[in-house]
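Chemist: Take this structure first; my questions come after.
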Amino acid sequence: EPEVTQTPSHQVTQMGQEVILRCVPISNHLYFYWYRQILGQKVEFLVSFYNNEISEKSEIFDDQFSVERPDGSNFTLKIRSTKLEDSAMYFCASSETGRTEAFFGQGTRLTVV
Amino acid sequence: AQKVTQAQTEISVVEKEDVTLDCVYETRDTTYYLFWYKQPPSGELVFLIRRNSFDEQNEISGRYSWNFQKSTSSFNFTITASQVVDSAVYFCALSEALTGGGNKLTFGTGTQLKVEL
């Protein structure tokens, strides 16, 4: 069964460093998303991406964040200069159309020390 | 603004008991979708169901059933004859169509379900 794949499963980084979280969405899906879940809290929308551009971003998604689909299969989230409060589980998701359900990857747990 | 409320923070049941997880939502959209996701201890989010706002028919899938009541803005989830493997956090979510394409999910705070032997 097709699934969304995220790497790495766990990333530890020092404050101020750049990190890139990687995702391979389901192959025939056209809409891509990143969500974040701070430990013990609810899942929050970060950004949606369609037709090679951001369609919407949340207030959380400031200038430190960027997304890219560099090669037609990967979908990446970059955090330029990580802060302690960026520590969270980051979920990538994809959907076939704008109205169908989003399927989530297993998440990348980012720990900023 | 969209809002999803899951008032039950944690529920503990004994195996084989039935359990209902509540979800109440707020939206100004006339067309929307509601979802339930399961987050087991391993952390991933597992899609369970999607419901169109125009379809109020209740749905049953094995031991799972969903009761969508538009009049009370609720979308409750019942697990019949619960099992230990059902132990997880369950999230209700509401979608909002995005102008630029796609949809954005607003999640509730989740209900931690613990099923004990």
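Here the protein sequences come in this chain order: A and B.
So for the first sequence, this note's numbering puts the first residue at 1; every next one is plus one.
So for the second sequence, this note's numbering puts the first residue at 1001; every next one is plus one.
Where is the CB? At the ideal position from N, CA and C, for every residue including glycine.
Identify, in the order they occur along the chain, each residue of the same chain with its Cβ nearer than 8 Å to the Cβ of residue 1093 (chain B), setting aside the five sequence neighbours on each side.
Modeler: Around residue 1093 (chain B): 1004, 1034, 1035, 1036, 1037, 1105, 1106, 1107, 1108.
Chemist: Is residue 22 (chain A) close to chain B, meaning its C-beta is less than 8 Å from at least one C-beta of that chain?
Modeler: So, not an interface residue.
Chemist: In three-state terms, what does DSSP make of residue 77 (chain A)?
Modeler: Three-state result, residue 77 (chain A): strand.
Chemist: What residues of chain B sit near residue 50 (chain A), judged by a beta carbon separation below 7 Å?
Modeler: Per Cβ cutoff of 7 Å: 1100, 1101, 1102.
Chemist: So with CB distances below 9 Å, who are the chain A contacts of residue 1051 (chain B)?
Modeler: Result: empty, since nearest Cβ-Cβ is about 10 Å, beyond 9 Å.
Chemist: State yes or no: is the C-beta of residue 1090 (chain B) within less than 8 Å of the C-beta of residue 1062 (chain B)?
Modeler: No, the Cβ-Cβ distance between residue 1090 (chain B) and residue 1062 (chain B) is not below 8 Å.
Chemist: From the DSSP output, which residues share a beta bridge with residue 117 (chain A)?
Modeler: Within the shown structure, residues of chain A are numbered from 1 to 113, placing residue 117 (chain A) beyond reach of any answer.
Chemist: Taking residue 1020 (chain B) as part of the beta strand (DSSP E), name the residues at either end of that continuous run.
Modeler: Element bounds for residue 1020 (chain B): 1019–1021.
Chemist: In the DSSP assignment, the beta strand (DSSP E) including residue 1115 (chain B) goes from what residue to what residue?
Modeler: Residues 1111–1116.
Chemist: Who are the near neighbours of residue 115 (chain A) in its chain, counting only those whose CB is closer than 7 Å to its CB and skipping five residues on each side?
Modeler: Nothing about residue 115 (chain A) can be read from this structure; chain A reaches only from 1 to 113.
Chemist: Measuring alpha carbon to alpha carbon, tell me which residue in B:1073, B:1067, B:1053 is nearest residue 1059 (chain B).
Modeler: Looking at the Cα atoms, B:1067 is the closest of the given residues.
Chemist: Ends of the beta strand (DSSP E) at residue 1088 (chain B)?
Modeler: Note, residue 1088 (chain B): beta strand (DSSP E), 1088–1097.
Chemist: Using C-beta distances below 7 Å, list every residue in its chain close to residue 1083 (chain B), excluding the 5 sequence neighbours before and after it, in chain order.
Modeler: Closer than 7 Å at Cβ, skipping near neighbours: 1015, 1115.
Chemist: In whole angstroms, give me the CA-to-CA distance for residue 1012 (chain B) and residue 1002 (chain B).
Modeler: Approximately 29 Å between the Cα atoms of the pair.
Chemist: Less than 8 Å between CB atoms is the rule here; does residue 1033 (chain B) satisfy it with respect to chain A?
Modeler: Yes, because at least one Cβ of chain A sits closer than 8 Å to the Cβ of residue 1033 (chain B).
Chemist: What is the DSSP secondary structure of residue 1074 (chain B), reduced to helix, strand or coil?
Modeler: Correct three-state label for residue 1074 (chain B): strand.
Chemist: Give a yes or no on whether the minimum CB-CB distance between residue 1045 (chain B) and chain A is below 8 Å.
Modeler: With 8 Å as the cut-off, residue 1045 (chain B) counts as an interface residue toward chain A.
Chemist: For residue 46 (chain A), is the classification buried or exposed, using 16 other Cβ atoms within 10 angstroms of its Cβ as the cut-off for buried?
Modeler: Its Cβ being crowded by 16 or more others within 10 Å, residue 46 (chain A) is buried.
Chemist: Quick one: using the 10 Å Cβ neighbour count with 16 as the cut-off for buried, is residue 1086 (chain B) buried or exposed?
Modeler: Label assigned to residue 1086 (chain B): buried.
Chemist: Run through DSSP, which three-state label would residue 59 (chain A) get?
Modeler: Coil.
Chemist: Answer with buried or exposed for residue 86 (chain A), where buried requires no fewer than 16 other C-beta atoms within 10 angstroms of its C-beta.
Modeler: Residue 86 (chain A) should be labelled buried.
Chemist: Contact criterion: CB-CB distance below 8 Å. Does residue 43 (chain A) meet it with respect to chain E?
Modeler: Although the question refers to chain E, the structure presented lacks it and instead comprises the protein chains A and B.
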